[in-house]
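Participant:
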Amino acid sequence: MGAKKKKLHIKQDCRLAQKQSTAMTTDLKRTLDICQALLFYLSRMASIHATKHLFVQTVDLHKGFPVSSQTLSQCICNTIKPTYQSAQVPLPAAPRGHSTRVVAASTAFLRGIPLLEVCKAATWSSSSTFVTHYKLDTQARTEAAFSRAVLASLLP
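Basically this note's numbering = 1-based index in the sequence shown + 5.
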């Protein structure tokens, strides 16, 4: 059962919203639009892919072969740190590759995505996984709904 559950996400649909803006240049659009960024990456890497893995090495000796999970994690961490710095927000803790999952799931939930949808996207079978491991106060979201609605009415 462990192996089957681990690969659950492989067959899951992934629908990515495409940001529409005519004001952006093509280069900038590639960096902000995940669909465009993925298409750009795939077209650039097509000639060196020696595997079906998405992320591959670009260094001559290992060119086209899969990148290790440790390397991917390091790249993610190296992106998280400057993001906090540029926003002038203190880094809450030493970032890990898994940090993006924490932030994405928590942000989606706190912005009104139903807990069941968050769990489905994260391939969790139970909402208790989210509440327990992310120690998220689900009651706080309910209590904040009223104040969010009032504040949102003030926006243009």
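Glycine is no exception: its CB is placed at the ideal position from the N, C-alpha and C atoms.
According to the neighbour-count rule (16 or more other Cβ atoms, all chains shown, within 10 Å of its Cβ), is Phe151 buried or exposed?
Facilitator: With fewer than 16 other Cβ atoms within 10 Å, it is exposed.
Participant: Quick one: Cα of Ile135 to Cα of Val61, how far?
Facilitator: Checking the displayed sequence, the identity of residue 135 turns out to be Phe instead of Ile. Between Phe135 and Val61, the C-alpha separation is close to 31 Å.
Participant: Could you check what DSSP says for Val64 in three-state terms: helix, strand or coil?
Facilitator: Looking at Val64 - three-state DSSP - the assignment turns out to be coil, as it is neither helix nor strand.
Participant: My output table needs one value for Thr71: the three-state DSSP class, helix, strand or coil.
Facilitator: The sequence as given places Pro at residue 71; Thr does not occur at that position. Reduced to three states, the DSSP call for Pro71 is strand.
Participant: What whole-angstrom Cβ distance do Val107 and Tyr139 have, given they're in contact under 8 Å?
Facilitator: With a Cβ gap of about 6 Å, Val107 and Tyr139 count as contacting.
Participant: Grab the span of the alpha helix (DSSP H) containing Leu43 for me, first residue to last.
Facilitator: Ile39 to Met50 is the span of the alpha helix (DSSP H), which, as asked, contains Leu43.
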